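A.B. asks:
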Amino acid sequence: MATILIVDDSKFMRKVLADILTAAGHEVVAEAENAAELKELYRRLRPDVVTLDIVMPEVDGEDSVSALTSITAEFPDARVVMISALGQSSVIKRCIEAGAKDFIDKPFKSSDVVRVIAQALKGRPS
Numbered sequence: 002m003a004t005i006l007i008v009d010d011s012k013f014m015r016k017v018l019a020d021i022l023t024a025a026g027h028e029v030v031a032e033a034e035n036a037a038e039l040k041e042l043y044r045r046l047r048p049d050v051v052t053l054d055i056v057m058p059e060v061d062g063e064d065s066v067s068a069l070t071s072i073t074a075e076f077p078d079a080r081v082v083m084i085s086a087l088g089q090s091s092v093i094k095r096c097i098e099a100g101a102k103d104f105i106d107k108p109f110k111s112s113d114v115v116r117v118i119a120q121a122l123k124g125r126p127s
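2 is the number of the first residue of the sequence shown in my numbering; add one for each residue after it.
Structure below.
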């Protein structure tokens, strides 16, 4: 179905997302621990969708917005889905304005992840 790049500092969360996505028929082409790796991996692999955690130890919400903006400026068709904890609505709003296609709230259900990725692939928010 789709190729996916997962960006999250938590190895456990990357594994959970990878398991959900592969069970849904997608191919996880790479995983990254931080947003700094995002642009190089995106440029090299050109995945169909990127999942990007908003807050990681070395990256706060603003840095995630900057990483997202950097990708969407160079690759306007990039489909980036933000992963957020509840209560980050102002950062989510800035991410959507910067080009994110949608977001998934933590904690999430497998069905939420599959639905949001499917909508991002269709080019519209869920």
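Cβ coordinates follow ideal geometry from the N, Cα and C atoms, glycine included.
Given the structure is predicted, the values throughout are model-derived calculations rather than measurements.
#1: For A36 versus S65, is the C-beta distance shorter than 8 Å?
#2: Whose C-beta lies closer than 6 Å to the C-beta of P48 among residues of the same chain, with five residues either side of it excluded?
#3: What number of angstroms, rounded off, separates the C-alpha of K102 from the C-alpha of I118?
#4: Measuring straight from C-alpha to C-alpha, what distance separates M14 and A68?
#5: Which residues mark the beginning and the end of the alpha helix (DSSP H) in which A24 is found?
#6: How far does the alpha helix (DSSP H) with K94 in it extend, from its first residue to its last?
#7: Mapping the DSSP letters down to three states, classify E28 as helix, strand or coil.
#8: Mind pulling the alpha helix (DSSP H) runs of 4 or more residues that sit fully within the segment 41–86?
#9: Tell me whether the beta-carbon of A99 lies closer than 8 Å to the beta-carbon of T52.
#10: Does the distance from the C-beta atom of A19 to that of R80 stay below 8 Å?
#11: Could you give the DSSP three-state label for A3: helix, strand or coil?
#12: In terms of residues, what are the limits of the beta strand (DSSP E) holding D9?
C.D. replies: On the basis of the supplied data:
#1: yes
#2: T4, I5, L6, V30
#3: 9 Å
#4: 20 Å
#5: 12–24
#6: 90–99
#7: strand
#8: 62–75
#9: no
#10: no
#11: coil
#12: Neither: D9 is in no beta strand (DSSP E) and is coded neither H nor E.
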